[in-house]
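Worksheet for the structure shown next.
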Amino acid sequence: MTAKATSESTWQQDVIDAEGPVLVDFWAAWCGPCRMVGPILDEIQAENPEKITVLKLNVDENPQLAMEYQITSIPAMKVFNKGEVEKTIIGAKPKFALQQDLADYIG
1 MTAKATSEST WQQDVIDAEG PVLVDFWAAW CGPCRMVGPI LDEIQAENPE
51 KITVLKLNVD ENPQLAMEYQ ITSIPAMKVF NKGEVEKTII GAKPKFALQQ
101 DLADYIG
């Protein structure tokens, strides 16, 4: 199972209007740490399907959203709830560290 991609055209529906918390993984194909964190986020999504939705946003293909949310380094993850950013996680981390960061949502 892989996280679903979102884009500028689906952002409103996928993230802003979503029911429950949504973790958006801001990433790029050329980013090694992003490729390391992707499978970990897929596991977290698979283990917590009713608690959190994990989406991926390619910053190269969606520069307007990357700029709007002030993404200056990747990987960067933001948890949205009711359309608002509730948490920001910067950098690649092992699974246990990401689970701790997301404990309020998946705990």
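Read in full-length UniProt numbering, the sequence shown has 24 at position 24, and its numbers run on one by one without any break. Ideal placement from N, C-alpha and C gives every residue a C-beta, glycine not left out.
For Gly38, which of Pro49, Asp25, Asn48 has the nearest alpha-carbon?
-> Taking the first residue of the sequence shown as 1, we reach residue 38 at position 38. For the residues Pro49, Asp25, Asn48, the minimum Cα distance to Gly38 belongs to Asp25.
With distances taken between CB atoms, is the gap from Trp27 to Lys4 smaller than 7 Å?
-> Looking up residue 27 in the sequence shown gives position 27. Looking up residue 4 in the sequence shown gives position 4. It is not a contact, given that the beta carbons lie outside the stated cut-off.
In three-state DSSP terms, what is Asp25?
-> On the sequence shown, position 25 is the one that residue 25 refers to. Per DSSP, reduced to three states, the secondary structure at Asp25 is strand.
For Val22 and Tyr105, the rounded distance between their alpha carbons = Here the question's residue 105 lines up with position 105 in the sequence shown. Here the question's residue 22 lines up with position 22 in the sequence shown. Counting only the Cα atoms, Val22 lies some 10 Å from Tyr105.
What did DSSP end up calling Glu61 once you bin it into helix, strand or coil?
-> Within the sequence shown, numbered from 1, the residue matching residue 61 stands at position 61. Note: Glu61 maps to coil in three-state DSSP.
List the DSSP bridge partners of Phe80.
-> Mapped onto the sequence shown, residue 80 falls at position 80. Answer is Val22, Val85, bridged to Phe80.
Report the three-state DSSP secondary structure of Ile16 (helix, strand or coil).
-> Mapped onto the sequence shown, residue 16 falls at position 16. Helix, per DSSP.
Buried versus exposed call for Thr72 [16 or more other C-beta atoms within 10 Å across all chains shown] = Position 72 of the sequence shown, counted from the first residue, corresponds to residue 72. By the 10 Å Cβ count, Thr72 comes out exposed.
Identify, in the order they occur along the chain, each residue of the same chain with its Cβ nearer than 8 Å to the Cβ of Met1, setting aside the five sequence neighbours on each side.
-> Within the sequence shown, numbered from 1, the residue matching residue 1 stands at position 1. With a pLDDT of 49 at Met1, under the threshold of 50, the predicted position of this residue should be treated as unreliable, though the coordinate-derived value follows. Taken in chain order, the residues that qualify are Asp42, Gln45, Ala46.
Asn92, buried or exposed, once every other Cβ within 10 Å from all chains shown has been counted against 16 = For the purposes of this step, residue 92 is taken as residue 92 along the sequence shown, with counting starting at 1. This sequence places Ala at residue 92; Asn is not what is there. Classification for Ala92: buried.
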